[in-house]
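These notes concern the structure reproduced below.
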Amino acid sequence: MRSHAAKTVSFLPATAGKKRKRDKAILDAKNTPLVTVYITNHNYGRFIDQAIQSVLRQTLQDLELIIIDDGSTDNSAEIIERYADHEKVITILQHHKGLNVTNNIALRASHGKYIMRLDADDYLDENALMVLSGFLERNPNVGLVFPDYFLVDEDGEVLEVMRRHNFSEVSLLDQPAHGACTLIRREHLLELRGYDESFHSQDGYDLWTRFIRHYNVQNVNLPLFYYRQHPRSLTCNEMHILETRVRIIEKQVQCNSQPLSTIAIIPVRGPSVDPESPALRCLGGRALIDWTIQTALEAKRLSAVVITTPDEELIAYVSRTYGERVFVVKRDRKLALPNTYIEDTLFHALGEYTRQRSAPDAFVLLYIESPFRTSWHIDNAINVMELFDTDMVVAVRPDADVFYRHSGAGLEILRKGRMLRLEREELYREVGQMRVVKRKLLETQRQLSGGKVGHAVLDQNAALRLRSEWDWEVAELLASKSARKA
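Counting with this note's numbering, you get residues -11 to 474 for the letters of the sequence shown.
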């Protein structure tokens, strides 16, 4: 690789003339390295030197390194400036613009055949670029390749080894690559017009959902980078991550010309069949059943809300409260007895509904004991089904607890050792009492199983299920907190 003159580019306030010189400095390159690595940094002065050194010490040296300081207020700029004269380094200083804007600045400044982002608090194995670029060189039909990784603490101590699926056996691409340390063909990234600047995080998830529609992706089952988890790490902010992913998925499916027609089906036994039914019990100033009905009515992806119950009191309450906004099905009492199959109730409800209206492509099965599920949880589950073309979507939460089973000779752990986490052994707990099911799956399988099953992750509040008085006490606190925010 031919060396190029080191460049320091400031994106701080500039005159028009300085701006033209800046753009020329970025775009006028005489070399084409095999790999561009860019490091995005905002106040990670404590970690960035290790990230930089991990790139410069790669066994593959046909590379350029772009270091972008995104408006840091710590000592980051001072550390970055030490590398300003390095022949492989371009440094860019700018006011804080956010991750995706910065990613696109790096993309425009890059010259490599392949490009990778490295976060300033992470670092690479010395062979990472050699292995990943070698894979893309040997496999021209693959547009993106990503490795497994080590999860480390603030001090770099390894906590776990994160192993992904064997991608030669993967058919459902709903588990994205890590946003950073993924090697991408730069021409493909340009064809996709780079990163979506309307999002301020989850760039990897957004890119993944667009990328898999057009190009092949693969995994190298080797841990080739060190992913640092610490209090400032974005992975700790679950609610922010989930909300951003919901918006990303929604934007992707808006392009669909034939969206799924979907209805909600809410089965309720009611007090006449189940004396302990909580349907009309008050939570936060309204009946429990109202939480689910009102949420379903607010969901943009639902064309109708169906209640199925044998309870006359409930039928009268729902009809009086919601009128024609809710389609009420009087269920045969036998279908509501304990130990009956929900599939029979669903067939009955769909049959009654389609006598008067068009048959839906899919339905969302909602139970009333999870009151903090919101309309965007429902919409997102439907969008996940559309985006990944699944037959069913289950609401879940990942469960990192240790589980055991009894072998007859004692307890045996279900997980491997603490240091090794295999994606194929990850456990998900069904929560939120919500499933999205294609009508054809129910008709062909005659049960709520089979087909291609996707998942929608819920936050902890939405996952709460009322099964005990303690759950009700927690729910009252959450309802009160929600009312105060409103």
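By construction, the Cβ of each residue, glycine as well, lies at the ideal position given by its N, Cα and C atoms.
Only a predicted model underlies this, so the values are computations on that prediction, with no experimental measurement involved.
Once the 5 residues before and after residue i are set aside, which same chain residues still bring their CB inside 7 Å of it?
i           : result
residue 63  : 33
residue 332 : 323
residue 465 : none
residue 473 : none
residue 71  : 40, 55, 77 and 79
residue 463 : 271, 359, 452 and 454
residue 314 : 281, 293, 295 and 306
residue 285 : 293 and 313
residue 15  : Confidence in residue 15 is poor, its pLDDT being 47 and thus under 50, which makes the residue's placement unreliable; the coordinate value appears in the next sentence. Counting only Cβ-Cβ distances below 7 Å, and skipping sequence neighbours, we find nothing.
When the Cα of residue i is compared with those of the options, which residue comes out closest?
i           : options               : result
residue 436 : 373, 329 and 365      : 329
residue 241 : 374, 338, 462 and 103 : 374
residue 207 : 170, 215 and 51       : 170
residue 325 : 299, 346, 308 and 313 : 299
residue 380 : 279, 401, 425 and 387 : 425
residue 389 : 149, 401, 345 and 93  : 401
residue 453 : 363, 280 and 58       : 280
residue 319 : 312, 341, 308 and 310 : 341
residue 77  : 173, 268, 113 and 25  : 25
residue 421 : 463, 296, 282 and 383 : 383
residue 96  : 427, 181 and 306      : 181
residue 210 : 117, 397, 399 and 198 : 117
residue 467 : 367, 428, 239 and 361 : 361
residue 428 : 334, 456, 366 and 343 : 334
residue 478 : 50, 199 and 297       : Because the chain in this structure spans residues -11 to 474, residue 478 falls outside the shown range and cannot be described.
residue 99  : 119, 45, 260 and 20   : 20
residue 178 : 106, 204, 101 and 205 : 101
residue 175 : 112, 66, 377 and 131  : 131
residue 137 : 168, 127 and 155      : 168
residue 31  : 225, 204 and 60       : 60
residue 114 : 166, 90, 67 and 47    : 47
residue 133 : 140, 123 and 111      : 123
residue 107 : 135, 166 and 321      : 166
residue 230 : 145, 129, 188 and 51  : 188
residue 479 : 343, 344 and 366      : What is shown of the chain runs -11 to 474, which leaves residue 479 out entirely.
residue 50  : 247, 121 and 83       : 121
Tell me whether the beta-carbon of residue i lies closer than 8 Å to the beta-carbon of residue j.
i           : j           : result
residue 29  : residue 185 : no
residue 194 : residue 236 : yes
residue 103 : residue 56  : no
residue 256 : residue 297 : yes
residue 301 : residue 259 : yes
residue 27  : residue 67  : no
residue 372 : residue 439 : no
residue 316 : residue 337 : no
residue 140 : residue 147 : yes
residue 477 : residue 129 : There is no way to answer for residue 477, as the model of the chain reaches only from -11 to 474.
residue 216 : residue 110 : yes
Look up residue i in the DSSP assignment and say whether it is helix, strand or coil.
i           : result
residue 136 : strand
residue 182 : coil
residue 10  : Caution is warranted here: a pLDDT of 47 is assigned to residue 10, below 50, making its placement in the model unreliable, and the coordinate value is therefore given only provisionally. Residue 10: helix per DSSP, three-state reduction.
residue 333 : helix
residue 91  : helix
residue 394 : strand
residue 450 : helix
residue 473 : helix
residue 16  : Note that residue 16 scores 47 on pLDDT, short of 50, meaning its location in the model is unreliable and no value can be drawn from it.
residue 363 : helix
residue 71  : coil
residue 125 : helix
residue 117 : helix
residue 432 : helix
residue 312 : helix
residue 154 : coil
residue 271 : strand
residue 96  : helix
residue 264 : coil
Would residue i pass as an interface residue toward chain B - the criterion being a Cβ-Cβ separation below 8 Å?
i           : result
residue 370 : The structure shown contains no chain B, having only a single protein chain.
Tell me the DSSP bridge mates of residue i?
i           : result
residue 255 : 296
residue 422 : 354
residue 213 : 112
residue 385 : 417
residue 444 : 383
residue 28  : 56 and 107
residue 318 : 297
If I measure Cβ to Cβ from residue i and keep anything under 6 Å in the same chain, skipping five residues before and after, which residues do I get?
i           : result
residue 353 : 253 and 423
residue 11  : Because the pLDDT of residue 11 is 48, which lies under 50, any placement of that residue in the model is unreliable, and the question is left without a value.
residue 53  : 25, 43, 76 and 77
residue 433 : none
Residues in its own chain within less than 8 Å of residue i by CB, not counting five upstream and five downstream?
i           : result
residue 385 : 416, 417, 419, 445, 446, 448 and 451
residue 391 : 401, 402, 403 and 415
residue 266 : 276, 356, 357 and 454
residue 393 : 399, 400 and 402
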